[in-house]
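Participant:
Number of protein chains: 2
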Amino acid sequence: MSPTPREAAQAGVPDKPLLAVLRGERRDPPPVWMMRQAGRYLPEYRELRAAKGGFLDLVYDSDAAAEVTLQPLKRFPLDAAILFSDILIVPFALGQNLSFVAGDGPSLTPPLVGTDLATLTPYPVRLEPIYETVAKVKAGLGPSQTLIGFAGAPWTVATYMVAGHGSRDQAETRRLAYGDAGRFGAIVEAIETMTFDYLSGQIEAGAEVVQLFDSWSGSLAPSEFERWVIAPTARLTARLRQKYPDVPVIGFPKGAGGKLCAYARVTGVSAVGLDETVDPVWADKELPAGLPVQGNLDPLALIAGGAALKPAVRRILDALAGRPHIFNLGHGILQDTPIAHVEELMALLKKKKK
Amino acid sequence: MSPTPREAAQAGVPDKPLLAVLRGERRDPPPVWMMRQAGRYLPEYRELRAAKGGFLDLVYDSDAAAEVTLQPLKRFPLDAAILFSDILIVPFALGQNLSFVAGDGPSLTPPLVGTDLATLTPYPVRLEPIYETVAKVKAGLGPSQTLIGFAGAPWTVATYMVAGHGSRDQAETRRLAYGDAGRFGAIVEAIETMTFDYLSGQIEAGAEVVQLFDSWSGSLAPSEFERWVIAPTARLTARLRQKYPDVPVIGFPKGAGGKLCAYARVTGVSAVGLDETVDPVWADKELPAGLPVQGNLDPLALIAGGAALKPAVRRILDALAGRPHIFNLGHGILQDTPIAHVEELMALLKKKKK
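As given, the protein sequences belong to chains A and B, one line each in that order.
So for the first sequence, the numbering used here puts the first residue at 1037; every next one is plus one.
So for the second sequence, the numbering used here puts the first residue at 1037; every next one is plus one.
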């Protein structure tokens, strides 16, 4: 049980609204952070990024990565920082070469569609600079702010490792999973193990919550979803819970649709993220009572602002007023989002009164 | 009420399993057809297509289009033919120029993102050759086979008309819908009206069922889904039902996820199509009792065949054994699907015994 704000204040423990919600409290207004909040919509991010050169150079410079992580918290009254890193650090540590080509997105070589996993040489040392970033961010946070670590969920990471790049419908990986479940299962298992180590390292360095991004879970048929999304997430969550019982795990199975209910029931995650296509009224009705949820403003409603933004925010707040809720977008904030609209969102959230 | 098979036989009315299911009967085995069943996985299709040149040339040659429509029924024991045409015939009739560039997909000019709808000159005459195809297909069908006409649902058609092409996440159209709902609403209304005429023409020419493909409904936030998917589908369905009370309307909101329940309850469609990501067990539990459903084999499971195919088919048959069910894929059949796997699927379906 987390202390109430009063108990915390009495005990001298700083109140962290995001952690409180993840432990089952409702807060009004809800705590808020935004996926990809440290990103290109911020001029100070673009400036630092330009000075550093490549994306990976920025991720691996722990001073710069910590600075970038903290940038949005200097502008907006956010309740959490999320580590500035990338889900493909795990394939990099598993031995694939990783590069980010402007306009083309990430590239991993060799792609596992044509290469045996056993030919890769793991370099777990590639994870360590990230832990330094975590520690530096933690040192820069205010007392009410929470530090979120993250990794890609095994299925999503596997789609990149198999294809060697992002893809519209993950067809290559889905075909491998159907056609050679043994070989594909070994890839997922290797990712799971490395991800457990990676999240453990983040937690040891100061992450207070971890989020598993399953960005491409939406393309899977239900039996494949059970096998490659739910089962690995459940195993990973159980291992983390055993080692770090106090660290909540947020699962974010983007595009899961109606399968969100099974995901929430079976994986054991502490909270589920809702993407922007999920009706929060439906989610509140269908998800296990008391399970904290996170989301789910459409990033395009934030770009539109004004007349589109207000009712979209209101619908989410009203729908989720009856359960622990962390306000967030349903997807990463987009590059051309006006700063003024983020300020408008913060003002709308902070004046919420039930 | 449709006659039972016995009553139909007694009355001399041919029994059409697909129509019977759409009117609320359960059939074992279920009737079957496959989205995009007249397509490039068939060598006879590729041959005719090569002889005709462009895709649009094939669509507008009603003899060839009718032949293509009937090709899969000559190979497989399918219960329905679906008109060979394209959802972009409606924008073409609304006055946009339509072309299909190999590798690039369809192009509509001028895109409405930068042009006012009022500058287009409608050419409803562009719909008429399609009605000839419908009549020719109808004349070629066996007595137990059903002819399905179709159109794109207004939202999906609008995404092409606004952007001028297909897009990954329909962001341009979603932005226009948020930013200028009045202008976007006028586009949707024009599509609705032309689509009503188009489907009426198909029905007059012999279509016995119509399907509304809402291929891009999956990207919408819930309030936008209500406004641009559910509401236009409900209006169109109501108009069709009033004019042709005996013609069932199948709604296929691809990617709707948890919003499928609201779609099924509110639109008034006679049946809903399930894409391959929908768990049929969940759908059977959540959808209105007795509502016919269509779907939803993963096209990649059909490509995989063998050990992957059998349990995937079984799961669907078992989950939907308690309600009227039309077996189908969850998405169009893919070009590299082996013919032998389609034959395997047909054999699996035809030997089904409860």
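Yeah, the Cβ is synthetic: ideal placement off N, Cα and C, and Gly gets one too.
All values reported here derive from a predicted model rather than from experimental measurement.
Taking Cβ positions, are GLU1244 of chain B and LEU1119 of chain B nearer each other than 8 Å?
Facilitator: For GLU1244 of chain B and LEU1119 of chain B, no; Cβs fall outside 8 Å.
Participant: When you compare the CB of SER1203 of chain A with every CB in chain B, is at least one pair closer than 8 Å?
Facilitator: False, the Cβ-Cβ gap to chain B never drops below 8 Å.
Participant: Helix or strand or just coil, what does DSSP make of PHE1112 of chain A?
Facilitator: If DSSP states are grouped into helix, strand and coil, PHE1112 of chain A belongs with coil.
Participant: With 8 Å set as the bound, which would you pick, yes or no: does the beta-carbon of ASP1140 of chain A sit closer than that to a beta-carbon of chain B?
Facilitator: ASP1140 of chain A does not count as touching chain B.
Participant: Indicate the three-state DSSP secondary structure (helix, strand or coil) for ASP1216 of chain B in the structure shown.
Facilitator: Correct three-state label for ASP1216 of chain B: coil.
Participant: If I follow the unbroken beta strand (DSSP E) through PRO1142 of chain B, where does it start and stop?
Facilitator: Note, PRO1142 of chain B: beta strand (DSSP E), 1141-1145.
Participant: Let's test the definition: count the other Cβ atoms within 10 Å of the Cβ of VAL1161 of chain B and tell me whether it reaches 16, buried, or not, exposed.
Facilitator: VAL1161 of chain B comes out exposed.
Participant: Could you list the residues in the region 1274-1308 of chain B with a C-beta less than 8 Å from some C-beta on chain A, going in chain order?
Facilitator: Residues passing the 8 Å Cβ filter: GLY1291, ALA1292, GLY1293, GLY1294, LYS1295, LEU1296, CYS1297, ALA1298.
Participant: For a test of the three-state rule: what should DSSP assign to THR1313 of chain A, helix, strand or coil?
Facilitator: Coil at THR1313 of chain A, not helix or strand.
Participant: Three-state secondary structure (DSSP) at PRO1065 of chain A?
Facilitator: The answer is coil: DSSP assigns PRO1065 of chain A none of H, G, I, E or B.
Participant: Which residues mark the beginning and the end of the alpha helix (DSSP H) in which LEU1134 of chain A is found?
Facilitator: Not the alpha helix (DSSP H): LEU1134 of chain A falls in the beta strand (DSSP E), residues 1133-1137.
Participant: Who are the near neighbours of TYR1019 of chain A in its chain, counting only those whose CB is closer than 6 Å to its CB and skipping five residues on each side?
Facilitator: Nothing about residue 1019 of chain A can be reported from this structure: the residues present for chain A run from 1037 to 1390 only.
Participant: If I follow the unbroken beta strand (DSSP E) through HIS1361 of chain A, where does it start and stop?
Facilitator: 1361-1365 is the span of the beta strand (DSSP E), which, as asked, contains HIS1361 of chain A.
Participant: Which residue spans inside the region 1202-1267 of chain A form an unbroken beta strand (DSSP E) run of at least 3?
Facilitator: Within the region 1202-1267 of chain A, the complete beta strand (DSSP E) runs of at least 3 residues are 1245-1250.
Participant: Measuring only from the beta carbon, is TRP1264 of chain B closer than 7 Å to any heavy atom that is part of the ligand GTP?
Facilitator: Within the structure as shown, the ligand GTP is missing, as the structure has no ligands at all.
Participant: Just the Cα atoms here: how many angstroms apart are PHE1249 of chain B and LEU1144 of chain B?
Facilitator: For PHE1249 of chain B and LEU1144 of chain B, the distance between alpha carbons rounds to 18 Å.
Participant: Determine, using beta carbons only, whether MET1197 of chain B and GLN1132 of chain B come nearer to each other than 8 Å.
Facilitator: Yes.
Participant: Pick from A:GLN1206, A:ALA1194, A:GLY1188: whose alpha carbon is nearest that of ALA1222 of chain A?
Facilitator: It is A:ALA1194 whose Cα lies nearest to the Cα of ALA1222 of chain A.
Participant: According to DSSP, PHE1186 of chain B sits in a beta bridge with which residue or residues?
Facilitator: Partner(s): B:GLN1247.
Participant: Go through its chain and collect everything with a Cβ distance to PRO1127 of chain A's Cβ below 7 Å, but skip five positions before and after it.
Facilitator: Excluding sequence neighbours, PRO1127 of chain A sits near LEU1134, LEU1144, VAL1193, TYR1196, MET1197.
Participant: Use the C-beta contact count for GLU1228 of chain A: other C-beta atoms within 10 angstroms, 16 or more gives buried, fewer gives exposed.
Facilitator: Buried: at least 16 other Cβ atoms inside 10 Å.
Participant: In chain B, which residues lie less than 7 Å from GLY1254 of chain A when you measure between Cβ atoms?
Facilitator: Here the neighbours are THR1313.
Participant: Is LEU1310 of chain A closer than 8 Å to GLY1331 of chain A when the C-beta atoms are compared?
Facilitator: Yes, the Cβ-Cβ distance between GLY1331 of chain A and LEU1310 of chain A is below 8 Å.
Participant: Report buried or exposed for VAL1283 of chain B, applying the criterion of at least 16 other Cβ atoms within 10 angstroms of its Cβ.
Facilitator: Buried, because 16 or more other Cβ atoms sit within 10 Å of the Cβ of VAL1283 of chain B.
Participant: Would you check if the distance between the CB atom of ALA1171 of chain B and the CB atom of GLY1075 of chain B is smaller than 8 Å?
Facilitator: No, these two residues do not count as a Cβ contact at 8 Å.
Participant: Closer than 8 Å, CB to CB, is GLY1331 of chain B near chain A or not?
Facilitator: No, GLY1331 of chain B does not count as interfacial toward chain A.
Participant: What residue does the alpha helix (DSSP H) around ILE1286 of chain B start on, and which one ends it?
Facilitator: Per DSSP, ILE1286 of chain B belongs to no alpha helix (DSSP H); it is in the beta strand (DSSP E), 1285-1289.
Participant: Could one say the Cβ of ARG1391 of chain A lies closer than 8 Å to chain B's Cβ atoms, at least one of them?
Facilitator: Nothing about residue 1391 of chain A can be reported from this structure: the residues present for chain A run from 1037 to 1390 only.
Participant: Classify PRO1289 of chain B: buried if its beta carbon has 16 or more other beta carbons within 10 angstroms, exposed otherwise.
Facilitator: PRO1289 of chain B should be labelled buried.
Participant: Report the neighbours of GLY1200 of chain A on chain B: residues whose CB is nearer than 9 Å to its CB, in chain order.
Facilitator: Ordered by position in chain B, no residue passes the 9 Å Cβ test against GLY1200 of chain A, which lies about 19 Å from the chain.
Participant: What three-state label does DSSP hand ILE1166 of chain B in the structure shown?
Facilitator: The answer is helix: DSSP assigns ILE1166 of chain B an H, G or I state.
Participant: For LEU1385 of chain B versus VAL1068 of chain B, is the C-beta spacing smaller than 8 Å?
Facilitator: Result yes, Cβ atoms of LEU1385 of chain B and VAL1068 of chain B sit closer than 8 Å.
Participant: So TYR1299 of chain A and VAL1265 of chain A are in contact, right, with Cβ under 8 Å, and what is the actual spacing, rounded?
Facilitator: At roughly 7 Å, the Cβ-Cβ gap stays under 8 Å, so TYR1299 of chain A and VAL1265 of chain A are in contact.
Participant: Identify the contact partners of ALA1207 of chain B in chain A, using a Cβ-Cβ distance below 7 Å as the criterion.
Facilitator: The answer, in chain order, is LEU1336.
Participant: Put ALA1307 of chain B into one of helix, strand or coil per three-state DSSP.
Facilitator: It is a strand residue.
Participant: Is there a C-beta anywhere in chain B that falls below 8 Å from the one on TYR1167 of chain A?
Facilitator: Answer no: the Cβ-Cβ gap between TYR1167 of chain A and chain B never drops below 8 Å.
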